[in-house]
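S.K.:
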Amino acid sequence: MTQTATAQTDAAGPGNTTHTTRGSGSADGAAPRSPRVNFARSAPKAFKALIGFDAAAREGLDPALVELVQIRSSQLNKCAYCLHMHTSDARKAGESEERLHMVAVWEEAAHFFTEKERAALALTEAVTLVARGGVPDEVYERAARHFEEAELAQLLALIFTINTWNRVALSTGKVPGTDER
């Protein structure tokens, strides 16, 4: 599939861009996507609140675990923008390519991850896919065995925030590889 993208920075400065993304369907194999709202500029209070919630959710959690959770949720939600951002962040933080490649199949590649990481990834999947049957007791109990209550609450908050960021990026047409933080 051919995909092209353009970004135009408006007068408000960097980070305030409107994207036109093309998928398959036109003469060049792409159907133009209409410009999408700039969430940060158009809903600044909501955007700042989400940034604050994200920062608060990360407190006290292992940074490597944070990235694994964000990567897995982004994979499940098919959010290429966030997946690119968080795999890049994980690499910069020293995460191995080997483990990054195994996140999508973590259950089959259990020896690449600690039991605590696997419990967090299982909880991430259950919460991200909550409409498919809720969060099973055994998944929650597994996570509760590896995380103190406050840390478990932080992990849940992290999962909530990455799912929200995925929805923001997908709904507003964020283009992978254009990290606009």
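Counting along the sequence shown from 1, when you hit position 72 you're at 71 in numbering that gives the first Met the number 0, and nothing is skipped either side.
Heads up, the beta-carbon is just placed ideally off N, CA and C, and yes, glycines get one too.
#1: Any idea if alanine 130 is buried or exposed, counting beta-carbon neighbours within 10 angstroms, 16 or more meaning buried?
#2: With contact counted as at least three CB pairs below 8 Å, one residue from each stretch, are the stretch 59-72 and the stretch 108-126 in contact?
#3: Give me, in chain order, the residues of the same chain whose beta-carbon lies closer than 7 Å to that of alanine 89; leave out the 5 immediate sequence neighbours on both sides.
#4: Would alanine 56 and alanine 118 be called neighbours here (beta carbons separated by less than 8 Å)?
#5: May I have the straight-line CA-CA distance separating histidine 18 from alanine 92, to the nearest angstrom?
#6: How big is the Cα-Cα spacing for alanine 111 and threonine 127?
#7: Count the other C-beta atoms from every protein chain shown that fall within 10 angstroms of the C-beta of glutamate 94, then say buried if there are 16 or more, exposed otherwise.
#8: Output the boundary residues of the alpha helix (DSSP H) element that contains phenylalanine 81.
#9: According to the neighbour-count rule (16 or more other Cβ atoms, all chains shown, within 10 Å of its Cβ), is glycine 14 buried or exposed?
#10: Taking the beta carbon of valine 167 as the centre, do at least 16 other beta carbons fall within 10 Å, making it buried, or is it exposed?
#11: What is the rounded straight-line gap between the Cα of serine 33 and the Cα of histidine 145?
#12: Alanine 63 to alanine 79, Cα distance in whole Å?
#13: Sort Leu75, Val138, Tyr139, Thr113 by Cα distance to aspartate 61 and report the nearest one.
#14: Report yes if the C-beta of leucine 122 is less than 7 Å from at least one heavy atom of the ligand MG; otherwise report no.
#15: Can you list, in chain order, the residues of its chain with a C-beta nearer than 6 Å to that of lysine 173? Leave out the 5 residues immediately preceding and following it.
#16: Starting from the C-beta of glycine 176, find all residues in its chain whose C-beta is less than 6 Å away, skip the five residues before and the five after it, and write them out in chain order.
#17: Can you tell me the Cβ-Cβ gap for tryptophan 37 and asparagine 162, rounded? I've got them flagged as a contact below 8 Å.
M.R.: Taking the structure as given:
#1: Working through the sequence shown from its first residue, we reach residue 130 at position 131. Flag for alanine 130 reads exposed.
#2: yes
#3: The sequence position of residue 89 within the sequence shown is 90, counting from 1. Closer than 7 Å at the Cβ level, and outside the excluded window around alanine 89, lie Glu66, Ile70, Leu99.
#4: Here residue 56 refers to the residue found at position 57 when the sequence shown is read from its first residue. Here residue 118 refers to the residue found at position 119 when the sequence shown is read from its first residue. No, the Cβ-Cβ distance between alanine 56 and alanine 118 is not below 8 Å.
#5: Taking the first residue of the sequence shown as 1, we reach residue 18 at position 19. Taking the first residue of the sequence shown as 1, we reach residue 92 at position 93. Unreliable placement is indicated for histidine 18, whose pLDDT of 34 sits below 50; the coordinate value is still reported in the next sentence. Whole-angstrom Cα-Cα distance: 29 Å.
#6: The residue given as residue 111 occupies position 112 in the sequence shown. The residue given as residue 127 occupies position 128 in the sequence shown. Residue identity differs from the one stated: residue 111 is phenylalanine in this sequence, not alanine. Going from the Cα of phenylalanine 111 to the Cα of threonine 127 covers about 22 Å.
#7: Here the question's residue 94 lines up with position 95 in the sequence shown. By the 10 Å Cβ count, glutamate 94 comes out buried.
#8: Translated into positions along the sequence shown, residue 81 becomes position 82. Correcting the residue identity first, residue 81 is cysteine in this sequence and not phenylalanine. Run containing cysteine 81: 79-91, per the alpha helix (DSSP H) assignment.
#9: Here residue 14 is taken as the residue at index 15 of the sequence shown, counted from 1. Any reading at glycine 14 must be qualified, since the residue scores a pLDDT of 38, below 50, and its modelled position is unreliable; no value is offered.
#10: As a first step, residue 167 must be located in the sequence shown, where it is residue number 168. Buried: at least 16 other Cβ atoms inside 10 Å.
#11: Looking up residue 33 in the sequence shown gives position 34. Looking up residue 145 in the sequence shown gives position 146. Distance between the alpha carbons of serine 33 and histidine 145: 45 Å.
#12: The residue labelled residue 63 in the question sits at position 64 within the sequence shown. The residue labelled residue 79 in the question sits at position 80 within the sequence shown. Computed Cα separation, rounded: 20 Å.
#13: In the sequence shown, counting from the first residue as 1, residue 61 sits at position 62. Of Leu75, Val138, Tyr139, Thr113, the residue nearest in Cα terms is Thr113.
#14: For the structure depicted, the ligand MG is absent and the ligand set is empty, with no information on it obtainable.
#15: Taking the first residue of the sequence shown as position 1, residue 173 is located at position 174. Around lysine 173: Tyr80.
#16: Looking up residue 176 in the sequence shown gives position 177. Excluding residues within five positions, the ones whose Cβ falls inside 6 Å are His83.
#17: Start at 1 with the first residue of the sequence shown, and residue 37 comes out as number 38. Start at 1 with the first residue of the sequence shown, and residue 162 comes out as number 163. Reading off the sequence shown, one finds asparagine at residue 37, where the question assumed tryptophan. 21 Å between Cβ atoms; not a contact.
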